Amino acid sequence: MKILVVLTLLISSFSAMANEDVYKIQVKNFFLHHAHQIIEELHPLDSELVSQHDIQIITQAMDELEIQVVFENLIDNSGSIVDAIGIPGKLILNGDSWLEFYKKNSDIRTLVLHEMLRVSGINDDHFKISLPVFYTLFENNTAQYKNLYCDLHVETTYYKSKFSTLSANSYMRHFSDAQVDIRNQMENECKSKDGILDSRISFQFAFKRRNNNGFSETVRAVEGIGQCEKRKIKKRKKRDIRQDRCFKLNSCLQLFDNKKVKQTYSEDYNHIIDQWEQNKC
Numbered sequence: 266m267k268i269l270v271v272l273t274l275l276i277s278s279f280s281a282m283a284n285e286d287v288y289k290i291q292v293k294n295f296f297l298h299h300a301h302q303i304i305e306e307l308h309p310l311d312s313e314l315v316s317q318h319d320i321q322i323i324t325q326a327m328d329e330l331e332i333q334v335v336f337e338n339l340i341d342n343s344g345s346i347v348d349a350i351g352i353p354g355k356l357i358l359n360g361d362s363w364l365e366f367y368k369k370n371s372d373i374r375t376l377v378l379h380e381m382l383r384v385s386g387i388n389d390d391h392f393k394i395s396l397p398v399f400y401t402l403f404e405n406n407t408a409q410y411k412n413l414y415c416d417l418h419v420e421t422t423y424y425k426s427k428f429s430t431l432s433a434n435s436y437m438r439h440f441s442d443a444q445v446d447i448r449n450q451m452e453n454e455c456k457s458k459d460g461i462l463d464s465r466i467s468f469q470f471a472f473k474r475r476n477n478n479g480f481s482e483t484v485r486a487v488e489g490i491g492q493c494e495k496r497k498i499k500k501r502k503k504r505d506i507r508q509d510r511c512f513k514l515n516s517c518l519q520l521f522d523n524k525k526v527k528q529t530y531s532e533d534y535n536h537i538i539d540q541w542e543q544n545k546c
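Just so we're on the same page, the numbering used here is the position in the sequence shown counted from 1, plus 265.
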């Protein structure tokens, strides 16, 4: 009976892992489909905002792009929850958000183009390129989407972290084995403190004295220094939450500066206006 229970748990675990892998592939393909579609629509433009040279850079970046899909909150440098984080050569996507975009058939062209530019090393702060290009793409291709993407994620809590320094020694012969041994020691110690071990550990060779059958001897060891992070969840001030929400609402309203976009997604526009008024932005 115990063996049957263990097998059932293992099968369930493997099934969950397999499903997550399928979702990750689905999210990657979903992004790349939109990206390649946008590239095709960009070619005839050759505008001041996106030149043919820029398009070549973007196309090459898409071919070489490393895409990582995670099913956890993505936090950017400002502390905001985001749906994607793009840096030159690499893109991290929030799997839950992108599966939702897929299910809802959302018009995410501004977001996709914004990330395409970022991973290509092209500055698109405040959507200064992607937004006007989106208006042009929208005029040329009003594909049937059900709603317009707009980032309204606002975190109501935050983590307050406290760090403590950990040190551990290993006397294993091979350096790689010593690294694993030290990491395991630190993980156990950090776990006992209800903390999270920082993945960055510094290793160095050192000479240590230890007792060997009643005799003190000096031997070469590997010493590791790491950090253990202990987090506490804190509630954010209502004033700060409102400020962030108003900032995102105002950013979303920029999407509707185009008359045709506003008419096509009138329900989304009215919803944002209602929230804007409720929050007294």
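Ideal Cβ placement from N, Cα and C applies to all residues, glycine included.
Note that the structure is a prediction, hence the values are computed from the model and not measured.
- Between residue 329 and residue 351, the gap from beta carbon to beta carbon reaches 8 Å or more.
- Only residues of its own chain outside the window of five on either side were considered, and among them 303, 395, 398, 399 have a CB closer than 7 Å to the CB of residue 378, listed in chain order.
- Under the three-state reduction of DSSP output, residue 409 falls in the coil class, being neither helix nor strand.
- The C-beta of residue 421 has fewer than 16 other C-beta atoms within 10 Å across all chains shown, which makes the residue exposed.
- Counting only the Cα atoms, residue 522 lies some 22 Å from residue 382.
- Under the three-state reduction of DSSP output, residue 523 falls in the coil class, being neither helix nor strand.
- Contact between residue 487 and residue 440 is confirmed by a C-beta separation of about 6 Å, below the 8 Å threshold.
- In the three-state reduction of the DSSP assignment, residue 337 falls in the coil class.
- In this structure, residue 340 and residue 346 form a Cβ contact; the two beta carbons are roughly 6 Å apart against a cut-off of 8 Å.
- Burial is judged here by how many other beta carbons sit within 10 angstroms of a residue's own beta carbon; residue 480 has fewer than 16 and is exposed.
- The closest CA to that of residue 370, considering only 446, 414, 356, is found on 414.
- Selection 506, 455, 293, 520 evaluated against residue 418 yields 506 as nearest (Cα-Cα).
- Per DSSP, the continuous alpha helix (DSSP H) segment holding residue 456 begins and ends at 440 to 457.
- One Cα belongs to residue 535, the other to residue 513, and the distance between them is close to 15 Å.
- In the structure shown, residue 513 adopts helical secondary structure according to DSSP, grouped into three states.
- CA-CA distance, residue 426 to residue 491, rounds to 15 Å.
- DSSP, read as helix, strand or coil, puts residue 420 in coil.
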